[in-house]
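Its first residue numbered 311, the sequence shown is counted upward by one per residue in the numbering used here.
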Amino acid sequence: MLKFTSASPAHLLAGLLATSFVSAGAPAQNPPAGSSASAPPAANANPSSPAPARPDVNAAFLAKASQLYYSTAKAGLKAFDCAVHPDWRTAVLSAAPGTTVADDDPDILLLKTVKITLHGRLAGGSTLDWNPAAIPAKPLDRQSTDLLDHMHSAADRTLTGFMQFWSPFVDGSVIPATPDGLQITHDAKGHTIHADQEGTSLTEILDNDLVMQQFNVVMGGAKINFSPRYKPTGQSLLVNAFQARIQGPSDPPEQAEQMHVEVDYQTIAGFPIPSRISMEVVGQSKFDATLDGCTVNPE
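What follows is the structure in structure tokens.
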């Protein structure tokens, strides 16, 4: 039976993202997304660090930065529903290097008969429908049933995990609404936003053009270094890729996992909706999927 392991870092990311700014004590519109290898220290922990700016200056800085990024919350998008078509052959081959899997392999053909729908919810609670084709004249054997169950679980965790760490970067909540509870510093290299509370450390690093370079989270011993990439769309920036370095609480640095994510978009009713999602855990697995037949749920 073909095997595929879902992108486990997505599970770690999902747990961290749901508590980033909220846990750190900074205001957030939605559960944020996170990432970080060792997060930089608190902004004023070093005597040579630049002094924090005045609250009014920081409020103006956050407002300016917020205007730079596309926000589904401001645009009025709450949810979308799309049919999902995974590249099952690529997924299987990435999880079992050196194997040979034909396009017409019976397991691949079986997986392609499953109707999959992603119910993306920007505020959280995304779900996945998984509906195998009914073939009354040919009941599935145990091996085929196990394969479908395994792939169902992998696809569900991967896609709903993607929604949890992608949503905050497109709904605008990674840029805090106010400077309350934050340490914000500005120097010749750019800007740093930091929050530290109850064991959670969160640091964002923006360059001089206010483009985010890193989103770092350290929580419960887990560390994620999240580097987003953006593309211009009209007058705003839309995230279209991530690189993450994920180190679990008990993992040595050399065993940190590298995760690459790319997102292509389609425009549905004026809103950018993913048309292709590619998630790779380097050296472990890759999950590519196209999305079509999408509908949106605006305010």
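All residues carry an ideal CB built from backbone N, CA and C; glycine is no exception.
Residue range of the alpha helix (DSSP H) that includes residue i
| i | result |
| --- | --- |
| Thr466 | Checking the sequence shown, residue 466 turns out to be Asp, not Thr. Start and end: Arg452 to Asp481. |
| Thr488 | Here Thr488 belongs to no alpha helix (DSSP H), and DSSP marks it neither H nor E. |
| Ser404 | Trp398 to Ala405 |
| Pro416 | Pro416 to Lys422 |
Spatially closest choice to residue i from the options, by CA coordinates
| i | options | result |
| --- | --- | --- |
| Leu469 | Pro582, Asp414, Pro608 and Cys392 | Cys392 |
| Gln507 | His496, Gln524 and Gly530 | Gly530 |
| Asp459 | Phe472, Gly386 and Asn441 | Asn441 |
| Leu512 | Thr400, Ala498 and Ile494 | Ile494 |
| Tyr380 | Gly603, Trp398, Ile485 and Lys425 | Ile485 |
| Val571 | Phe525, Phe475, Ile515 and Val521 | Phe475 |
| Arg431 | Asp561, Pro478, His501 and Val591 | Pro478 |
| Pro559 | Ser585, Asn550 and Ala532 | Ala532 |
| Asp497 | Ser483, Asp517, Thr488 and Asp413 | Asp517 |
| Asp415 | Arg399, Thr427 and Ala406 | Arg399 |
| Arg467 | Ala443, Gly435 and Val606 | Gly435 |
| Lys499 | Val521, Asp481 and Gly491 | Val521 |
| Leu419 | Pro584, Asp397, Arg555 and Leu438 | Asp397 |
| Ala406 | Cys604, Asn607 and Val592 | Val592 |
| Asp602 | Pro608, His501 and Pro582 | Pro582 |
| Ser483 | Glu567, Leu378 and Arg555 | Leu378 |
| Ile556 | Tyr540, Thr488, Thr502 and Val528 | Val528 |
| Arg586 | Gly580, Ala579 and Phe597 | Phe597 |
Straight-line gap, residue i to residue j (C-alpha atoms, nearest Å)
| i | j | result |
| --- | --- | --- |
| Asp417 | Ala465 | 16 Å |
| Gly408 | Val573 | 27 Å |
| Gln553 | Ala375 | 22 Å |
| Val411 | Pro542 | 39 Å |
| Ser588 | Lys425 | 19 Å |
| Thr577 | Gln545 | 16 Å |
| Leu457 | Ala385 | 40 Å |
| Thr510 | His504 | 11 Å |
| Ser595 | Gln565 | 16 Å |
| Ala279 | Pro562 | The structure shown does not extend to residue 279, since the chain is modelled only from 311 to 609, so the question has no answer here. |
| Thr455 | Ser463 | 12 Å |
| Asn438 | Thr427 | First, the amino acid is wrong: residue 438 is Leu here, not Asn. Distance between the alpha carbons of Leu438 and Thr427 is about 6 Å. |
| Ala369 | Tyr540 | 23 Å |
| Leu403 | Phe371 | 47 Å |
Start-to-end residues for the beta strand (DSSP E) that takes in residue i
| i | result |
| --- | --- |
| Thr382 | First-last for Thr382: Thr382 to Ala385, but that is the alpha helix (DSSP H), not the beta strand (DSSP E). |
| Pro538 | Ala532 to Thr543 |
| Ile583 | Phe581 to Val591 |
| Ser595 | Ser595 to Pro608 |
| Gly500 | Gly500 to Gln507 |
| Gln523 | Met522 to Met529 |
| Asn441 | Thr437 to Asn441 |
| Asn550 | Ser546 to Gln557 |
Beta-carbon separation (whole angstroms), residue i vs residue j, contact threshold 8 Å
| i | j | result |
| --- | --- | --- |
| Tyr575 | Leu547 | With a Cβ gap of about 13 Å, Tyr575 and Leu547 do not count as contacting. |
| His395 | Thr600 | 5 Å |
| Ile515 | Gln523 | 5 Å |
| Phe536 | Asn550 | The pair is not a contact, with the Cβ atoms about 14 Å apart (cut-off 8 Å). |
| Leu421 | Met461 | 6 Å |
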